[in-house]
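J.:
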Amino acid sequence: MWITAALAGLFAGAGLIIAIGAQNAFVLRQGLQRRHVGMVVLACMGADIALILAGVGGMGALVL
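When the sequence shown is numbered by our numbering, its final residue is 74 and no position is left out of the sequence of numbers.
Have a look at this one:
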């Protein structure tokens, strides 16, 4: 049963990462220009981790 939830989470996360949104376009643009690539990647990765942890931790229940 837990494997189903884990796979659903994996595919949902992959869908968010694979889709070219504003954040991914920004990272791609910075990478192509070779400007502050490491800092941009770390900042975006940190933001993604924080938002995913907030969602998993039930932050939505507090806001709604």
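Quick reminder that beta carbons are idealized off the backbone N, C-alpha and C, glycines included.
Helix, strand or coil: how does DSSP classify Ala29 here?
T.: The answer is coil: DSSP assigns Ala29 none of H, G, I, E or B.
J.: As an exercise, report each continuous alpha helix (DSSP H) stretch of at least 4 residues that is fully enclosed by the region 13-58, in chain order.
T.: The region 13-58 contains these whole alpha helix (DSSP H) runs: 32-43.
J.: With distances taken from CA atoms, which of Asp58, Gly67, Ala71, Leu63 is nearest Gly31?
T.: Per the Cα distances, Asp58.
J.: Taking 8 angstroms as the limit between beta carbons, can you name the residues of its chain near Val37, skipping five residues before and five after?
T.: Here the set comprises Val50, Val51, Cys54.
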